[in-house]
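Everything below concerns the one structure shown next.
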Amino acid sequence: MSDEKEIVNKVASSALVTFDLEELYQPGERILIDIKDQLFQGLVLKEKDFRDFVKTHNWQQYHDKFVAITCSVDAIVPTWAYMLLASALQPYARLFFFGSLERLEEKIFEEVLSKIHWADFSGRKVVVKGCSKVNVPVSVYTEVTRRLRPVVASLMFGEPCSTVPLYKAPKV
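Numbering (numbering that gives the first Met the number 0), first residue to last: 0 to 171.
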């Protein structure tokens, strides 16, 4: 009779569901359009000059790209100027957003998260994967937590073999 015990991979046979944010990452170039480059003396936007820029700028270069629109200096920029840029970008950009490149990345993830059927995780034990080859903003992790907590049996962070417990639903 043998004293050897069969090695069982408990992680592989567990009921844990891994939620990998890296799988939700949308590939594509991220570009920043900074209105500061169109300001007169770096202070104010002149309507005629700005409209000429919008009319002559090559907007096709933004085809299927993610674009952040901002003004990185303290200047007088009317709201319509941002709207004019949005109007010019709309036929080309995959997504555009007012804010920094960091906020754009958050917005891209938010768009993807809004399409997930969170009820599919109802009563499940979920591990939100912690390691990623892409930069996932912290705000995305908090948004995933906000959406998962009401439906899951338990929520953890990390890897299935090494998790940090975050939430466990009370037993009813």
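Note that beta-carbon positions come from the ideal geometry of N, C-alpha and C, so glycine has one too.
Computed from a prediction, not measured in an experiment: that's the story for all the values here.
Item	Value
Rounded to whole angstroms, what is the Cα-Cα separation between L23 and W58?	27 angstroms
Can you give me the Cβ contacts of Q37 inside the same chain, cut-off strictly under 6 angstroms, excluding the 5 residues immediately before and after it?	F49 and F52
Below 7 angstroms CB to CB, which residues in the same chain sit around L31 once its five sequence neighbours on both sides are set aside?	A67, T69 and L100
How is I115 classed by DSSP in three states: helix, strand or coil?	coil
Start and end of the alpha helix (DSSP H) containing S121?	That residue, S121, is in no alpha helix (DSSP H); it is neither H nor E in DSSP.
Please list the terminal residues of the continuous alpha helix (DSSP H) segment that includes E142.	V137 to L147
CB-CB under 8 angstroms to V10, same chain, minus the five flanking residues each way: which ones, in chain order?	Confidence at V10 is low in this model, with a pLDDT of 43, below 50, so the placement of that residue should be treated as unreliable; the coordinate-derived value is given next. Answer for V10: P159 and C160, listed in chain order.
What did DSSP end up calling A67 once you bin it into helix, strand or coil?	strand
Using 10 angstroms around the beta-carbon of E104, count the other beta-carbons present and answer buried if the total reaches 16, otherwise exposed.	buried
Leaving out five residues before and five after A74 in sequence, what residues of the same chain have Cβ atoms less than 6 angstroms from its Cβ?	L38 and L42
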